[in-house]
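Residue numbers (our numbering): 3 to 459. Built from N, CA and C at the ideal position, the CB exists for glycine as well.
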């Protein structure tokens with residue numbers, strides 16, 4: 003769902019789903035506060051799972067969602083904005099994401115199922131009274147039912163933390179977000195207690211009092227009804243990760259995405275798909291990614307603290323290094339956004355063309371068209387493809403990808419390169435991130451990668 007907020011919601015929008023458990027330190031993390039288990043939207047365990055769809059329909063849908071997010075114009079044209087003075091507006095692109103998270107809000111706690119988005123800061127949920135709300139499957143949050151709920155004044159310091167905040171006629175702080183696909187939310191900027199409940203026996207829940215969130219009274223657009231809003235994990239002051247950092251001791255999080263069975267396995271391997279789909283991806287709050295073979299790159303800001311920009315310097319196919327050509331006059335070096343809500347990775351057009359040429363030279367199989375019409379280079383093959391090692395070169399970090407990161411299976415006998423060209427900022431998608439522990443450290447402003455078998459953690 004989130005794809006590129008405020009200028010563009012880079013959607014990681016991860017979509018997470020329900021399972022929270024406290025966790026101890028291990029070889030990969032130092033000082034972790036707690037962890038989440040993430041369920042992919044196409045897993046049979048997901049409430050978004052549609053059993054009427056075929057395996058390949060789900061693959062096509064995932065690529066279509068990714069293509070929609072990538073090909074949007076990052077909100078720069080301002081299309082579809084709604085005028086609702088005096089409420090300020092942010093130009094955001096809003097697209098379906100890939101994982102869901104279940105947290106609670108209020109005292110007593112009420113469930114909030116949010117699309118997690120590293121491209122936006124504000125966490126919001128639908129609230130009573132609803133002027134106009136989309137239908138959701140669980141009860142809409144009633145602020146009057148919470149003893150710790152408080153709407154914020156337009157004079158509050160929290161209101162000034164939100165660029166999109168503004169004063170209403172009743173002197174309360176209001177927000178208004180409009181997304182590029184005409185989805186939208188507006189309502190009161192508020193504070194309440196957020197609770198992250200443990201599903202592990204004997205483990206206490208983690209509560210964060212006075213957490214800033216949006217109580218949305220007017221919301222609509224492309225929502226399935228399973229989710230109730232968005233959980234913002236950008237790097238800004240009002241993001242959930244920034245607020246949780248005060249409780250767990252460090253403003254950081256990491257996740258480990260299990261390779262999606264929908265994209266990596268044959269349609270006739272039902273038992274293998276089923277077992278793979280039940281292995282949860284995980285997300286961790288607090289601590290640092292540690293251990294051997296960790297590589298790190300700084301994430302950059304371009305007039306905003308929300309987005310996780312990276313500096314891509316080139317890409318290698320085997321020993322063939324392809325350098326990204328950039329203008330020496332370009333002052334801002336951030337040319338790629340990391341986004342777990344996008345399936346494929348997009349590269350600057352000239353670099354992509356060189357990359358595709360190198361892949362063609364390295365792989366000698368029959369070339370065919372992508373039946374989904376999305377990807378540029380596909381091969382006809384039933385066996386798993388024997389792909390060369392691809393290395394993505396970020397500033398200070400060389401990330402070595404395996405075939406599971408570079409190719410996706412779109413039909414039983416068709417495998418496609420999981421990259422495409424773009425004339426806009428690049429997107430580092432979730433296929434490239436699978437089987438990596440990916441760590442975001444807001445204090446050191448670094449992004450870390452550690453090759454990991456995410457299915458065994």
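Asked                                                                                                : Found
Residue interval of the alpha helix (DSSP H) (run including residue 248)                             : 242-250
Contact check, residue 116 vs residue 246, beta carbons under 9 angstroms                            : no
Residue 324 versus residue 317: straight-line alpha-carbon distance, rounded                         : 5 angstroms
Among 109, 168, 169 and 164, the one whose alpha carbon lies nearest that of residue 143             : 109
Cross-strand partners of residue 411 (DSSP beta bridge)                                              : 417
Cβ shell of residue 407 (< 7 angstroms), same chain only, five flanking positions each side left out : 433, 434 and 436
Beta-carbon proximity of residue 377 to residue 253, cut-off 9 angstroms                             : no
Assumed close pair residue 225, residue 107 - CB separation to whole angstroms, cut-off 8 angstroms  : Contact doesn't hold; Cβ gap of about 18 angstroms is too wide.
C-alpha gap between residue 430 and residue 172, whole angstroms                                     : 43 angstroms
Where residue 314 sits in the DSSP three-state scheme                                                : strand
Reduced DSSP secondary structure (H/G/I, E/B, other) of residue 128                                  : strand
Pairwise C-alpha distance: residue 213 and residue 248                                               : 11 angstroms
Helix, strand or coil at residue 387 according to DSSP, with G and I counted as helix                : coil
Among 366, 330, 319 and 118, nearest to residue 356 - alpha-carbon criterion                         : 319
CB of residue 338 within 9 angstroms of CB of residue 312, strictly                                  : yes
Through-space distance from residue 307 to residue 399, alpha-carbon basis                           : 22 angstroms
Residue 230 and residue 353 closer than 9 angstroms at C-beta                                        : no
Residues that DSSP places opposite residue 151 in a beta bridge                                      : Beta-bridge pairing links residue 151 to no other residue.
Best match in 345, 146, 440 and 220 for proximity to residue 133 [C-alpha to C-alpha]                : 220
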